[in-house]
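**Q** The structure is given below, and queries will be raised subsequently.
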Amino acid sequence: YYLTHFLGVSIYYGCLDGYVSESETTWPMITCTRTGWSPAPKCLKKCSTGHLENGRFLPGYRNTYKEGDEISYECSDNLRTKVTCTKNGWSPTPSCTSHTIECEMLRLAHGQVSPPKAKYDNGDVVTFSCAKSHKRVGPDSSQCYYFGWFPASPTCKEETKACGPPPSITNGNIISELHEEYEHGDSVEYDCDLRFKIIGSRKIECIDGEWTSLPSCTEEEKTCGLPPPIAKGKAVNIDNHQYGHGETVDYECEKNYVMVGPKTVKCLSGKWISLPSCADQSATCGLPENFENIAILQTPIKKRIYKHKAPISYKCKTDGTNFIQSTCKYGEWTPKLDCIERKCPPPPQLPGAIKITETRNYENGEKIAFTCLKAFEHQGVKEIMCENGKWQSPPRCVEMPCTDVPNIINAQTEGRVKNSYEPGETVRYQCHPGFTISGSSDVTCKAGKWSTQPVCEGTMRISVCQKGGEIVEQ
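Heads up, the sequence shown is in this note's numbering, so the first residue is 601 and it goes up one at a time.
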């Protein structure tokens, strides 16, 4: 049914769920004039921004929009798209489909980037080399990640500076030979005292007159249980059922077996590290599966079985220039026959993570752990390992969402309240009739916290009586 109102009468109206007034207020006021209602009552379609998989709405966006509004969003591949709120919802629908992650080609003044390509895929590694008259300052390789290249390209300089003695660290010592001066590219290694574990890289490097980031030593409370058994061997002189960080035990082998690896094993962060093995001296060595990539110096070339202490000389067919020596010891080649580049670039500096040492290369099998900043949530593995010259796919540090929308006195939120809001999402408040807002009507989620909240202040209410009409609030 319809109500008839007199000239000059003012009323409030509200829109149904899923719609919002043109002024975006919950209860807009309109007045009866000779030409009709002013302003004309209008309810527009409301569009919400919720969670966007593999992407985010750009900072400053609100929780809800009305018909005709435009916003932009960004996918994990940095591709930005603009969408419009229509009577049928968002057009086009915000979506971040899986795209191939690519990195642009790098350039190096007075040097070369290898291999040269126009585009690189996620996980690709490039190496840097400088002209003979220049020295490389910075990493010798870089890897393509979802956030781009890391580390950044080095520079090629004609002259580099030396470093003084390396600094000392609390609860730790330098285990490398000490010198008065160190050339560009020299490195030293640190170790921590008993019951302390190292945080960061054990090695620091002299880079053009400055040492790279120092590691630190923190007390480790995790303990190890009894040392584990090994085939044809055992741990000796076991005195405790629990061992602290840094404590050691010795192993020995049964008769007619020899130990391969260090006989002393150390407890590190609750785990026994680098257990030895007991080998039979009669064990032989064979050639690896990638024999086709190896050029053997000795004859006959087709020999496939080598006895204990038998030497071998080989070089890699792909890029090898010098012959490499290896010896068969107790059924294993020492060092291992390998034609794969074993070093990885410095580990990636993840957005939202605590900074780690980023200047030295890591050996195959080495690991690095990540810790996110307080305002970020860790998603994925805790650590990654260097495998054949590449780092495993790293985790992500995602900005934490917000919960518990602020309760503002004499105000209400626009739209329905959600249980969780993504970083950058905004909630808009509307004061109750008779109150005006002081401050921004929007509060924004950032790092798990809401921005400054507005205040709804009371205003004077005036009763107006129109001739032949009724009392209304204006």
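The C-beta atom is built at its ideal place from N, Cα and C for all residues, glycine as well.
(1) Look up L868 in the DSSP assignment and say whether it is helix, strand or coil.
(2) Using beta-carbon positions only, say whether T884 and G931 come within less than 9 Å of one another.
(3) List the DSSP bridge partners of D1129.
(4) Please confirm whether P1022 and L652 have their CB atoms less than 9 Å apart.
(5) Using only alpha-carbon positions, find the residue among A762, E966 and G846 that is nearest to G870.
(6) Please identify the residue among D839, D850 and C878 whose C-alpha is closest to the C-alpha of Y857.
(7) Which class does W690 belong to by DSSP, given the choice of helix, strand or coil?
(8) Distance check for E1025 and K1018, CA to CA, integer angstroms please.
(9) Less than 7 Å between C-beta atoms, sequence neighbours within five positions excluded: which residues of the same chain meet that for T770?
(10) Just the Cα atoms here: how many angstroms apart are S625 and E1057?
(11) Which of the three DSSP states is assigned to E780 in this structure?
(12) Looking at C-beta atoms only, is the number of pairs between the segment 997-1009 and the segment 608-622 that lie closer than 8 Å three or more?
(13) Would you kindly work out how many angstroms separate the C-alpha atoms of K929 and A831, rounded to a whole number?
(14) Would you decide whether G1034 is buried or exposed? Buried here means 16 or more other CB atoms lie within 10 Å of its CB.
(15) In this structure, does DSSP put M705 in helix, strand or coil?
(16) List the endpoints of the continuous beta strand (DSSP E) containing Q979.
(17) Determine the contact status of P867 and M859, defining contact as a CB-CB distance below 9 Å.
(18) Ignoring anything shorter than 3 residues, give me the beta strand (DSSP E) runs that lie fully in the segment 602-680, in order along the chain.
(19) Between which two residues does the beta strand (DSSP E) holding P911 run?
(20) For T760, which residues in the same chain have their Cβ closer than 7 Å to its Cβ, ignoring the five residues on either side in sequence?
(21) Compute the Euclidean distance between the alpha carbons of P987 and K1049, then round it to the nearest angstrom.
(22) Could you check whether the segment 657-674 touches the segment 702-718, counting it as contact only if at least three pairs of C-beta atoms, one from each stretch, sit closer than 8 Å?
(23) By the 10 Å Cβ neighbour count, where 16 or more other Cβ atoms means buried, how is K967 classified, buried or exposed?
(24) If we count the other Cβ atoms within 10 Å of its Cβ and call it buried at 16 or more, is G655 buried or exposed?
(25) Going by alpha carbons, who is nearest to D834 out of Y665, K732 and D850?
(26) Which residues bound the beta strand (DSSP E) around V1055?
(27) Tell me the DSSP secondary structure of G844 in three-state form.
(28) Going by DSSP, what residue range makes up the beta strand (DSSP E) through Q712?
(29) K803 bridges to which residues according to DSSP?
(30) For C885, name the three-state secondary structure that DSSP assigns.
(31) Can you tell me where the beta strand (DSSP E) with C1031 in it begins and where it stops?
(32) For P1144, which of T927, R904 and I905 has the nearest alpha-carbon?
(33) Going by alpha carbons, who is nearest to S776 out of Y782, E789 and P765?
(34) Quick one: grab the DSSP three-state call for V1043.
(35) Apart from the five residues just before and just after K687, which ones in its own chain have a Cβ nearer than 7 Å to its Cβ?
(36) Identify, in the order they occur along the chain, each residue of the same chain with its Cβ nearer than 6 Å to the Cβ of T899, setting aside the five sequence neighbours on each side.
**A** With the structure as the only source:
(1) strand
(2) yes
(3) In this structure the chain extends from 601 to 1074, so residue 1129 is not present and cannot be described.
(4) The identity of residue 1022 in the sequence shown is Glu, whereas the question assumes Pro. Yes, the pair counts as a contact, with Cβ atoms nearer than the cut-off.
(5) G846
(6) C878
(7) strand
(8) 11 Å
(9) C817
(10) Per the sequence presented here, residue 625 reads as Thr, with Ser not at that position. Answer to the nearest angstrom: the Cα atoms are 16 Å apart.
(11) coil
(12) no
(13) 17 Å
(14) exposed
(15) coil
(16) F976 to Q979
(17) The residue you asked about is not Pro; residue 867 is Cys in the sequence shown. No, the pair does not count as a contact, with Cβ atoms beyond the cut-off.
(18) 610-612, 619-621, 629-633, 636-638, 643-648, 655-657, 664-666 and 670-675
(19) P911 to C916
(20) K735, V737, H784 and D808
(21) For clarity, residue 987 is Glu in the given sequence; the question names Pro instead. In a straight line, the C-alpha of E987 is about 39 Å away from that of K1049.
(22) no
(23) exposed
(24) buried
(25) Looking at the sequence shown, residue 834 is not Asp but Lys. Nearest option by C-alpha distance: D850.
(26) V1055 to G1058
(27) coil
(28) G711 to S714
(29) E789
(30) strand
(31) T1026 to C1031
(32) Residue coverage of the chain in this structure runs from 601 to 1074, which leaves residue 1144 outside it and unanswerable.
(33) E789
(34) strand
(35) K645 and E667
(36) A caution first: T899 carries a pLDDT of 49, below 50, which makes its placement in the model too unreliable to give a value.
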